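Colleague: Mind looking over this structure? Questions follow.
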Amino acid sequence: MENLEENKKLLKIPIRKKINYMDGLRLNRAIISGVKSLISRQEYLNKINVFPVPDGDTGTNMAFTLSAVMEASIGQIEPRVDVYTKIISDAAIDGARGNSGVLMAQFLVGFGEGCEGIEKLDCHTLVKAFKNGSISAREAMEDPKEGTILTIFQDFSDEINHAVENGTQDLYEIMKIGYKAACKSLEETPQKLKILKKAGVVDAGAQGFVDFLTGVLNFIEDGSLKDVDISNIAVKNTESNHDGHHIDEEIDINYRYCTECRVKGSNMDKKELRQKLKKIGDSLIVAGSKDRIHVHIHSNKPAQVFSMCERFGDVDEQKADDMFHQQQLLNTKNIEKRSVAIVTDSASDFMDDNLNIYVVPLRYNFGSKGYIDKVSQTSSEFYKELRDGKYHPQTSQPSAGDFKKQYQFLSSHYQTIISLHIPKKLSGTYQSAKNASKQTPDAKITVIDTNNASVANGLIVKYAAKLVKAGKSHEQVLSGINLAIEKTKIYVVLDNLNSAVKGGRLNPTVKLISDFLNLKPIMSIKKDGTLGPIGAMWGKKNVPNKIANFLNKKIDPNITYDIAIAHSICEESAEHLRKILYDKYSNIKSISILELGCALGSHTGPGTLAVGLQEHLSI
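Each residue of the sequence shown is one higher than the one before, counting from 51 in this note's numbering.
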């Protein structure tokens, strides 16, 4: 493989004096250099991404994650290492995206914890901090795999520890020794993960960390940022003095979402943007400069807010907090805590029906344009961009920071929290939620893998919320959820398999066979949490009738069922299917129809029908 030689070329040959220490200022510049190095390689990292799924977004996610770190770093003049590392670790968690991005963020968190109480790093304290980062990242994973970025973390930290134990007392020499060990470990990743060997690549996340080390080491060798053009990426303070929503603040119930985003462009007209936005909300703030604007608005139409902002520049850092839920809790601030909070992610499709279900959204991006699932775009906007755009969307799970923020808020109003998520083998969402629960030790949080998705997961989540509303205890709700998981199944029929293959969720061979035989596979989540075909239909006509016939094998005439149907811009087919099912079966209690979320839609494509089938459960 050429990676080792390529990494050597990226690294300059050092000729310099011994370095005895690194303070916050030096570390800050080294971090910026490392981040810039990784960002410059993100397209390559995307190309070699095959694990855990070949969805081609490792570079993008790591770049997004470390961009948050860089934004927190640029302009910092903090001389103390412990203060500076706390700043960047918080930024990393808040901005973390994707599997490798989350692990990189956790590595920085552990590194920062290893620097507590330290003003300047010497050789011994630097080694200790890196070791702590490696351990912290590994502990964050429930099922750590060798041959990934975790292995590189460990081999790098072990090697520099040995160097110090053997008497090396030069920070540059220590980092150079560690870098060589990391490169060697990177080259060995295909021997530890069969999927890498089969693809003929090294692990993309591990390569990203080596790229980061390249930048750090080059800075330590040069002692300057001459190759890091920070003038073009300097982050200005565009935040106003608005303090956000306090417990005692009056929330305008006319508008549901506290919506914010950042807009970057050239010579943007803030006055014109303000005139446009004030028509769709209130509490509007348009702060910043002509090149970088921060927007805050209370609105019922966050997707329209973001779309309008995109006419003026590039939009990022989007958020839309549900103030209705917040208000309901804030209005009970003098009342004893409620019992159980139900949390899920946006890969669950359901109608809330005033059940107080809290949703942490997934994110997706078309190229450099990022979106919040079910918030930033309408379905029609999403599928138009999917059809006409240059890029196929890449999805990313919520970060541990996203979940932590939600958990911390809810724990001040609820006695316990139950968080229900799509299978860990399909997404890192479950792992992010688990990590966040560990970072919120004062709260009682149970995180559950429902082994379902979309409307099937929604049926389980709604049942859990109904149990809470009926006054059931935490343990009783858990028992009910476990029963619901056993009694709920998902069946998905895709119009075509293009998006599933592009998104890395389906083997291309399945598509080839399907296209050749003119088949429509029926997909479901298996007991082991993987998605795969469990049946097939001939041809593309009369799909609702064929789905109803398929369900003949799944519906017991002696059992009552609740059904939910999700569709991706094919509502007419969903309505047709509902009518057929009601006419065909007398033991169906309810059938709801919903739009499939955009994050899931990026993997299924338009024309998809998903059926969630649940045995009716009493409360």
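From the three backbone atoms N, C-alpha and C, an ideal C-beta is built for every residue, glycine too.
Predicted model, so just to flag it, every value in this text is computed and none were measured.
Given a threshold of 16 other Cβ atoms within 10 Å of its Cβ, counted over all protein chains shown, does asparagine 404 qualify as buried or as exposed?
Modeller: Flag for asparagine 404 reads exposed.
Colleague: Taking the straight line between their C-alpha atoms, what separation do you get for glutamate 360 and histidine 346?
Modeller: Between glutamate 360 and histidine 346, the C-alpha separation is close to 15 Å.
Colleague: In its own chain, which residues sit with a C-beta less than 6 Å from the C-beta of tyrosine 421, not counting the 5 before and 5 after it?
Modeller: Same-chain partners within the cutoff: Tyr414 and Gln427.
Colleague: Quick one: what's got a C-beta closer than 6 Å to proline 352's C-beta in the same chain, skipping five residues either side?
Modeller: So the qualifying residues of the chain are Tyr307, Thr309, Ala370 and Val425.
Colleague: Which value, in whole angstroms, describes the spacing of the CA atoms of glutamate 435 and lysine 590?
Modeller: About 24 Å.
Colleague: Please state whether DSSP places lysine 314 in a helix, a strand or coil.
Modeller: Correct three-state label for lysine 314: strand.
Colleague: When you compare only the Cα positions, how much space is there between glutamate 166 and aspartate 107?
Modeller: Taking the straight line joining both Cα atoms gives about 33 Å.
Colleague: Report the option in Lys516, Asp492 and Gly478 whose CA atom is closest to the CA atom of isoleucine 498.
Modeller: When each option's Cα is compared against that of isoleucine 498, the closest is Gly478.
Colleague: Nearest-angstrom Cα distance between serine 504 and glycine 363?
Modeller: When rounded, the distance between both Cα atoms is 33 Å.
Colleague: Can you tell which of Gly109, Arg147 and Arg628 has its C-alpha closest to the C-alpha of alanine 118?
Modeller: Among Gly109, Arg147 and Arg628, the Cα nearest to that of alanine 118 belongs to Arg147.
Colleague: Figure out for me which residue from Leu327, Gly417 and Val511 has the closest Cα to the Cα of serine 400.
Modeller: The sequence given here has phenylalanine at residue 400, not serine. Answer by Cα proximity: Val511.
Colleague: Ignore the nearest five residues each way along the sequence and tell me which others in proline 583's own chain have a CB closer than 7 Å to its CB.
Modeller: Result list for proline 583: Val560, Pro571, Ile572 and Met573, in chain order.
Colleague: Which word fits aspartate 323, buried or exposed, when buried means at least 16 other C-beta atoms lie within 10 angstroms of its C-beta?
Modeller: With the sequence shown as reference, residue 323 is identified as leucine, and aspartate is not the correct amino acid for it. When all chains shown are included, leucine 323 counts as buried.
Colleague: Can you tell me which of Asp578, Ile137 and Asn149 puts its alpha carbon nearest to the alpha carbon of serine 123?
Modeller: For the residues Asp578, Ile137 and Asn149, the minimum Cα distance to serine 123 belongs to Ile137.
Colleague: Suppose only complete runs of 4+ residues qualify. What are the alpha helix (DSSP H) ranges in the region 99-158, listed by chain order?
Modeller: List check, alpha helix (DSSP H) in window: 108-123 and 131-145.
Colleague: Any idea if tyrosine 611 is buried or exposed, counting beta-carbon neighbours within 10 angstroms, 16 or more meaning buried?
Modeller: By the 10 Å Cβ count, tyrosine 611 comes out buried.
Colleague: Rounded to whole angstroms, what's the CA-CA distance from valine 365 to valine 336? Just pull it up for me.
Modeller: Between valine 365 and valine 336, the C-alpha separation is close to 13 Å.
Colleague: Can you check whether the CB of serine 396 is closer than 8 Å to the CB of alanine 649?
Modeller: Going by C-beta atoms, alanine 649 is nearer than 8 Å to serine 396.
Colleague: Considering only their Cβ atoms, is the gap separating leucine 460 from tyrosine 408 smaller than 8 Å?
Modeller: Closer than 8 Å, so yes.
Colleague: Just to confirm, is the Cβ distance from alanine 142 to leucine 158 under 8 Å?
Modeller: Yes.
Colleague: Which full runs of the alpha helix (DSSP H) of 4+ residues lie inside the region 467-532, going along the chain?
Modeller: With a minimum length of 4 residues, the continuous alpha helix (DSSP H) runs that stay inside the region 467-532 are 479-488 and 504-519.
Colleague: Serine 389 and glutamine 465 - do their beta-carbons sit closer together than 8 Å?
Modeller: Yes. Within cutoff.
Colleague: Here's a check: name, in chain order, each residue in its chain whose Cβ is nearer than 7 Å to the Cβ of glutamine 489, leaving out the five neighbours to either side.
Modeller: So the qualifying residues of the chain are Ala450 and Lys454.
Colleague: Threonine 580: buried (16+ other C-beta within 10 angstroms of its C-beta) or exposed?
Modeller: Exposed, by the Cβ-count rule.
Colleague: Secondary structure at threonine 445, three-state DSSP: helix, strand or coil?
Modeller: Correct three-state label for threonine 445: strand.
Colleague: According to the neighbour-count rule (16 or more other Cβ atoms, all chains shown, within 10 Å of its Cβ), is alanine 520 buried or exposed?
Modeller: Its Cβ having fewer than 16 others within 10 Å, alanine 520 is exposed.
Colleague: Assess, as a yes-or-no matter, whether the region 615-626 is touched by the region 652-664 under the definition of 3 or more beta carbon pairs within less than 8 Å.
Modeller: Enough Cβ pairs lie closer than 8 Å, so yes.
Colleague: On the CB-based measure, 16 or more other CB atoms within 10 Å of its CB, does asparagine 287 come out buried or exposed?
Modeller: Note on asparagine 287: pLDDT 25, under 50, position unreliable in the model; no value is reported.
Colleague: Kindly indicate the opening and closing residues of the beta strand (DSSP E) around arginine 361.
Modeller: Taken as a continuous stretch (DSSP letters only), arginine 361 belongs to no beta strand (DSSP E), as it is neither H nor E.
Colleague: Please state the DSSP three-state secondary structure of serine 389.
Modeller: It is a strand residue.
Colleague: Can you look up isoleucine 669 in the DSSP assignment and give me helix, strand or coil?
Modeller: Here isoleucine 669 sits in coil by DSSP.
Colleague: Who are the near neighbours of threonine 496 in its chain, counting only those whose CB is closer than 6 Å to its CB and skipping five residues on each side?
Modeller: So the list reads Ile468, once near-sequence residues are dropped.
Colleague: Can you find the residues in the same chain that come closer than 7 Å, C-beta to C-beta, to asparagine 282, ignoring five residues on each side of it along the sequence?
Modeller: Below a pLDDT of 50, predicted positions are generally treated as unreliable, and asparagine 282, at 36, falls in that range; the measurement from the model is reported next regardless. Same-chain partners within the cutoff: there are none.
Colleague: Skipping 5 residues on each side, what residues in its chain have a beta carbon closer than 7 Å to that of glycine 315?
Modeller: Same-chain partners within the cutoff: Asp341, Phe362, Gly363 and Asp364.
Colleague: Can you tell me whether aspartate 452 is buried or exposed, with buried defined as 16 or more other CB within 10 angstroms of its CB?
Modeller: Aspartate 452 comes out buried.
Colleague: Aspartate 438 by DSSP, collapsed to three states: which one?
Modeller: Helix.
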